[in-house]
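Chains as they are written, first to last, in this note's numbering: chain A, -6 to 230; chain B, -6 to 230; chain C, -6 to 230; chain D, -6 to 230. We put the CB at the ideal spot given by N, CA and C, even for glycine. Since we're looking at a predicted model, the values are computed, not measured. What follows is a single structure, written as structure tokens, with notes after it.
4 protein chains.
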Amino acid sequence: MFDNLYGTGQSTMDAIIRTTNVLIAGKVVVVAGYGYCGKGVALRARGLGAKVVVTEVEPVAALQAHMDGFLVMKMEDVSPRGDIFITVTGDRDVLTKKHFAKMKDGAIVCNSGHFNVEINLKDLKQLSVSYKQKIKNITEYTLRGNKKIYLLAEGRLVNLAAAEGHPSSVMDMSFANQALASAWLAKNYKKLEAKVYEVPAEIDQKVAKLKLASLHVTIDTLTPVQKKYLASWSEGT
Amino acid sequence: MFDNLYGTGQSTMDAIIRTTNVLIAGKVVVVAGYGYCGKGVALRARGLGAKVVVTEVEPVAALQAHMDGFLVMKMEDVSPRGDIFITVTGDRDVLTKKHFAKMKDGAIVCNSGHFNVEINLKDLKQLSVSYKQKIKNITEYTLRGNKKIYLLAEGRLVNLAAAEGHPSSVMDMSFANQALASAWLAKNYKKLEAKVYEVPAEIDQKVAKLKLASLHVTIDTLTPVQKKYLASWSEGT
Amino acid sequence: MFDNLYGTGQSTMDAIIRTTNVLIAGKVVVVAGYGYCGKGVALRARGLGAKVVVTEVEPVAALQAHMDGFLVMKMEDVSPRGDIFITVTGDRDVLTKKHFAKMKDGAIVCNSGHFNVEINLKDLKQLSVSYKQKIKNITEYTLRGNKKIYLLAEGRLVNLAAAEGHPSSVMDMSFANQALASAWLAKNYKKLEAKVYEVPAEIDQKVAKLKLASLHVTIDTLTPVQKKYLASWSEGT
Amino acid sequence: MFDNLYGTGQSTMDAIIRTTNVLIAGKVVVVAGYGYCGKGVALRARGLGAKVVVTEVEPVAALQAHMDGFLVMKMEDVSPRGDIFITVTGDRDVLTKKHFAKMKDGAIVCNSGHFNVEINLKDLKQLSVSYKQKIKNITEYTLRGNKKIYLLAEGRLVNLAAAEGHPSSVMDMSFANQALASAWLAKNYKKLEAKVYEVPAEIDQKVAKLKLASLHVTIDTLTPVQKKYLASWSEGT
């Protein structure tokens, strides 16, 4: 969660700025998908002064985006209004012919989701009369009527292709988590069945505790009376 | 989740403002607990211009507060610096003698958690040379050296006692959820075992869908190809 | 500036919440005017989770609102989309017949500008088949087709009528400023011509210094070398 | 104002991220100076999830930072707590021996003000047992006890040295402004005295109008009645 929410958010916006040198303040940034990655990207885009519009297919996530103060719209409806489109859904065909056709001249599109299928490149090419690499990591597509759409990093993960991926201070947590989970596995594998296990909560807590210590952040601890109250309360209601 | 995160946040800050008419901008607001309620309160306090400090006992929640840009400290350490203290932990004795003793003159303390045990009133009274109801919902405690601490709503839920609780536009979702969950129960109870069930995801989605419709928010839907891709991808990795 | 920016922002949103108990998160809040008051209201509305749209007549202010991440639109265009309309322009006829006619059912309108002329009540009445005081400070106007528009505080300053105006912690600065300005006047009036003077910068600084001291905020002071550098630099370029 | 507030804010944070690949979320970022540049940097650092502390010498600016929700402290007091220090004061010696001595291991220091005198490099070198260029634009200073301080871009303007300066979408406004101001000068120079003139408000408005048009943002215009009201009101009070 931490690397998706905090890492992807920063590194995606960083990648877009590095590649295009565009001022984010004032721009309409369309974020497709409001999972952890999408939330992180939406939050950072807003933090840089953008007007953020979220598209979603899942009603609970859509409602959460709405309540978090983002405009929630259908991709088709927001296509003519977006300055920058960022796909983070994990699905394919998030941006297709009908969206490209409606975008305005100069729109920037990129992907920070799983693979380069979120933006349908075949569609984009079909709509275009020509395309060329403009500068590193920017391909300029010229559509009929001389409208330009700028594709970053060929639709691959923009934060890996055009920036340096997650900052090391997030990834250390992910790696620590994986290391401790492996250790736990090695110790407990005989008791485990053949199914998917969640990382035990104790490991998440241990990693968080180590990270906080490294940050010199000290937190409170429960007294025995507080522990007892919590336990009784959990039982009592 | 929605009523805790969005409802409690607004109604707690609303209650404090109504009761005290204090300007939140610039104040150090200490939020004890970073669950959904605590997050909501921290977010709204920041949104009103406060410097928010979070206290926690759970390392993962503490780390999240830290990454969300809040100062995370021990209650003992932040006690001399807070202007307004809000407890939302669900546990007892969050504010006790040692905290009151360190607070500055004029500190405001209130509770938006579960019961009036979060703030240890016995301790507060013991430290005080006198106390009196100042105006409605404000009790002024005078400690040795003429230091004043202002307790709101006698330590009971400040957003219920001093404001109007959750706005109706949040609670309708909670009630709809409970109603639909009851209907589901009535239909399925024969199949259920004697244990705690989560509300089925379909019900959450149904409520969210109805709410979005009432808000005139339209969202995207998956195409068959997208659904297939998602399914295969879920299986494939 | 301080009371307009920080005071009006909080007290206006406070007044709306008190009067209507509406959840701000997710709402489209339209702020007419982006002076100090408008900025304060826009900032706080966003801080409470709203999607804020700003209307302006002055291009520099409009551009600033745009760069601050707010949608900037014509009032006519945003009329069908707003949930809550707040006028803070200092001019008349900000909301008129053509706007009311386009508003959606349940829209809330209020004024936090100078007088009750910002919302054209004559127009609202002409469009309505009936109106009645719903609860304190809410008048329900019923338009043709049974559309309801809710007017707060009869269009007078909502933060004075329905809340308690500026929090005392802002107003003390304004009053201190006025007091010191009066003292300055008393001392210097013989030297003054018959024209409008700005409050001398020294008075603003003195008030700010006293306020910071009362807040226990300590700030840096320039060394002689720094002062000299600043002075030479001011001259040199 | 626009390029300082919006341009410097983004480009400074961009430069720090590019150079160090550090995650901003959770970091204590110390911004020295709360003029337009400082505000922009503070706002963007917060938008990226930092805890921002502001230092100032001017009380009114300090109070504004405080009311904007930033911690305001003396540089000496915040020196042991900052992760990243950014000077934007326009003065010299903002960071000196006494500050470096208190900083924690791994602190990052950089300048986004006017010249490379804000960070006293002579002091930093005197405190250090060695220093070396670590990677491009990062010099690692090793102080006694093996404490490291990382200086970006040798103390020169980090947003020019390590990023690409202001995004073009801000600078176009500055240049347009300068061009129109030059045209105005050429036309009016005979009437001008030998003193500093402000750019006429009409030019700012013209640039803003052109910029809004290029952004497809339409704004309201005053009716004759509104203009008259404003004028009479300006006179009347």
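Own chain residues within Cβ distance below 6 Å of residue i, not counting five before or after
i	result
C/Val21	Lys44, Arg74, Gly75 and Asp76
C/Leu136	Leu120 and Ser121
A/Arg149	Asn109
C/Lys118	none
C/Gly106	Thr80, Val81, Thr82 and Gly83
C/Ser225	none
C/Ala18	Gly42
D/Val65	Val47, Ala55, Ala58 and His59
C/Asp7	Ala156
B/Ser236	Residue 236 of chain B is absent from the model: chain B starts at -6 and stops at 230.
D/Tyr27	Val47, Glu49, Ala54 and Ala58
Identity of the residue in the options nearest residue i by Cα
i	options	result
D/Gly2	D/Gly33, D/Asn14, D/Thr12 and D/Val24	D/Gly33
B/Gly83	B/Ala25, B/Leu215 and B/Val47	B/Ala25
C/Met60	C/Glu69, C/Val47 and C/Lys129	C/Val47
A/Ala146	A/Lys220, A/Ala156, A/Ala18 and A/Asn139	A/Ala156
C/Ile10	C/Phe93, C/Leu41, C/Gly0 and C/Ala35	C/Leu41
B/Pro103	B/Leu223, B/Leu153 and B/Lys199	Here residue 103 of chain B is Cys; the residue named in the question, Pro, does not match the sequence. Per the Cα distances, B/Leu153.
C/Lys140	C/Val151, C/Lys95, C/Ile131 and C/Pro217	C/Lys95
C/Val87	C/Asp98, C/Lys97 and C/Met68	C/Met68
B/Val50	B/Ser4, B/Gly62 and B/Arg85	B/Arg85
A/Ser207	B/Val151, B/Pro52 and B/Lys125	B/Pro52
D/Gly62	C/Val23, C/Arg37 and C/Thr5	C/Arg37
A/Ser4	A/Gly138, A/Ala35 and A/Tyr27	A/Ala35
B/Val151	B/Phe93, B/Leu16 and B/Phe78	B/Phe78
C/Glu111	C/Lys129, C/Ile128, C/His92 and C/Asp197	C/His92
A/Val71	A/Val200, A/Leu203 and A/Val23	A/Val23
Terminal residues of the alpha helix (DSSP H) in which residue i lies
i	result
D/Phe78	Element bounds for D/Phe78: not the alpha helix (DSSP H) but the beta strand (DSSP E), Ile77 to Thr80.
D/Ala38	Tyr29 to Gly40
D/His59	Pro52 to Met60
D/Met66	Premise fails: D/Met66 is in no alpha helix (DSSP H) and is neither H nor E.
C/Ile10	Gly2 to Thr13
C/Leu205	Ala194 to Ser207
Any C-beta of chain E under 8 Å from that of residue i
i	result
A/Gly33	Among the chains of the structure shown, chain E does not appear; the protein chains present are A, B, C and D.
Endpoints, the beta strand (DSSP E) within which residue i is located
i	result
A/Lys44	Lys44 to Thr48
C/Ala25	Val21 to Ala25
Same chain only: Cβ atoms within 8 Å of residue i, ignoring 5 sequence neighbours per side
i	result
A/Lys89	Checking the displayed sequence, the identity of residue 89 of chain A turns out to be Thr instead of Lys. Cβ neighbours of A/Thr89 beyond the five flanking positions: Asn113 and Asp116.
B/Leu215	Leu223
B/Leu13	The question names Leu, but residue 13 of chain B in the sequence shown is Thr. So the list reads Ile101, Ile131, Tyr143 and Leu145, once near-sequence residues are dropped.
A/Pro217	none
B/Lys220	none
A/Lys125	Thr132 and Glu133
Same chain only: Cβ atoms within 7 Å of residue i, ignoring 5 sequence neighbours per side
i	result
B/Leu(-2)	Tyr29, Lys32 and Gly33
B/Leu205	Ile212
B/Arg39	Val45
B/Leu16	none
What are the uninterrupted segments assigned as alpha helix (DSSP H) that are 4 or more residues long and contained completely in the stretch 71 to 157 of chain D, given in chain order?
Uninterrupted alpha helix (DSSP H) stretches at least 4 residues long and entirely within the stretch 71 to 157 of chain D occur at 90 to 95, 114 to 120 and 151 to 154, given in chain order.
Closer than 7 Å, Cβ to Cβ, to anything on chain B: give me those residues from the stretch 34 to 50 of chain A, in chain order.
Thr48, Glu49 and Val50
Give the residues from the stretch 203 to 217 of chain C that approach chain D closer than 8 Å (Cβ to any Cβ), ordered along the chain.
Lys204, Leu205, Leu208, Val210, Thr211, Ile212, Asp213, Thr214, Leu215 and Thr216
Got a sec: which bits of the stretch 3 to 27 of chain D sit with their beta carbon under 9 Å from any beta carbon on chain A, in order along the chain?
Residues of the stretch 3 to 27 of chain D with a Cβ closer than 9 Å to any Cβ of chain A, in chain order: Gln3, Ser4, Met6, Asp7, Ile10, Arg11, Thr13, Asn14, Val15, Leu16, Ile17, Ala18, Gly19 and Lys20.
Give the residues from the stretch 56 to 77 of chain A that approach chain C closer than 8 Å (Cβ to any Cβ), ordered along the chain.
Taking 8 Å as the upper bound on Cβ-Cβ separation, chain C lies near residues His59, Met60, Asp61, Gly62, Phe63 and Leu64 of the stretch 56 to 77 of chain A.
Please list the residues of the stretch 121 to 151 of chain A that have a C-beta atom closer than 7 Å to any C-beta atom in chain D, keeping them in chain order.
none
Residues of the stretch 78 to 109 of chain C with a CB closer than 8 Å to any CB of chain D: list them in chain order, please.
Gly83, Asp84, Arg85, Asp86 and His107
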